[in-house]
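Reading through the structure tokens given below for one structure.
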Amino acid sequence: SSGINAEYGVVKNARYDEDYNEMVTVRDIEFYSLCEHHLIPFYGKIHIGYIPTGQVLGLSKLARIAEMFTRRLQNQERITKQIANAMIDAIKPSGVGVVVEATHMCMCMRGVQKSGAVTMTSTMMGTFLDDPRTRNEFLQFCRNR
Numbered sequence: 001s002s003g004i005n006a007e008y009g010v011v012k013n014a015r016y017d018e019d020y021n022e023m024v025t026v027r028d029i030e031f032y033s034l035c036e037h038h039l040i041p042f043y044g045k046i047h048i049g050y051i052p053t054g055q056v057l058g059l060s061k062l063a064r065i066a067e068m069f070t071r072r073l074q075n076q077e078r079i080t081k082q083i084a085n086a087m088i089d090a091i092k093p094s095g096v097g098v099v100v101e102a103t104h105m106c107m108c109m110r111g112v113q114k115s116g117a118v119t120m121t122s123t124m125m126g127t128f129l130d131d132p133r134t135r136n137e138f139l140q141f142c143r144n145r
């Protein structure tokens, strides 16, 4: 629950002026969180992409933003949206895409007991939402292993 009081200050000193306007993607950011409904862990990987408009963010800060929202009682849908909103607030890119892949122990241990199920959520904003080519490029980056 260390993320509960964290603020966007994690990116304060990691914004850099840069004349770069192509996609930046960090994928496979590991996370662990607790389901707010069942108080049981869920975990997985987060992929974040953005298109800068004059400022880039230190790459490790994308992982810090993800961690800021996963280190608390949460649900996957909210994490996905919060990360995208934080990126918009931090550096005002022309677009942001976030994909979260997670295994929920509540599905593995209780109820239906389906251990192979993976839940996918995505949030697209700006050019990632408006331009299908940008969205497809980001989703392709997320798939390439």
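Letter by letter, the sequence shown follows residues 1 to 145 in this note's numbering.
In this text, a Cβ means the ideal position worked out from N, Cα and C, and glycines have one as well.
Just so it is clear, the structure is predicted and the values come from calculations on it, not from any experiment.
Output the distance between the C-alpha atoms of residue i and residue j, rounded to the nearest integer angstrom.
i: I40; j: V26; result: 27 angstroms
i: E101; j: N13; result: 29 angstroms
i: L73; j: I91; result: 26 angstroms
i: V96; j: Q82; result: 12 angstroms
i: I51; j: T121; result: 20 angstroms
i: I29; j: C35; result: 18 angstroms
i: F69; j: H37; result: 16 angstroms
Using the beta-carbon count (16 or more within 10 Å), is residue i buried or exposed?
i: H104; result: buried
i: L62; result: buried
i: A66; result: buried
i: S60; result: exposed
Kindly give me the distance between the Cβ atoms of residue i and residue j, rounded to whole angstroms, as I take these residues to be in contact under 8 angstroms.
i: T123; j: Q76; result: Contact doesn't hold; Cβ gap of about 11 angstroms is too wide.
i: S94; j: G58; result: Wrong, their Cβ atoms sit about 19 angstroms apart, outside the cutoff.
Across which residues does DSSP place residue i in a beta bridge pair?
i: A102; result: G44, T119
i: M125; result: V96
i: V24; result: Y50
i: Q74; result: C35
i: D17; result: Q55
Hey, residue i and residue j: beta-carbon distance below 7 angstroms or not?
i: E22; j: V56; result: no
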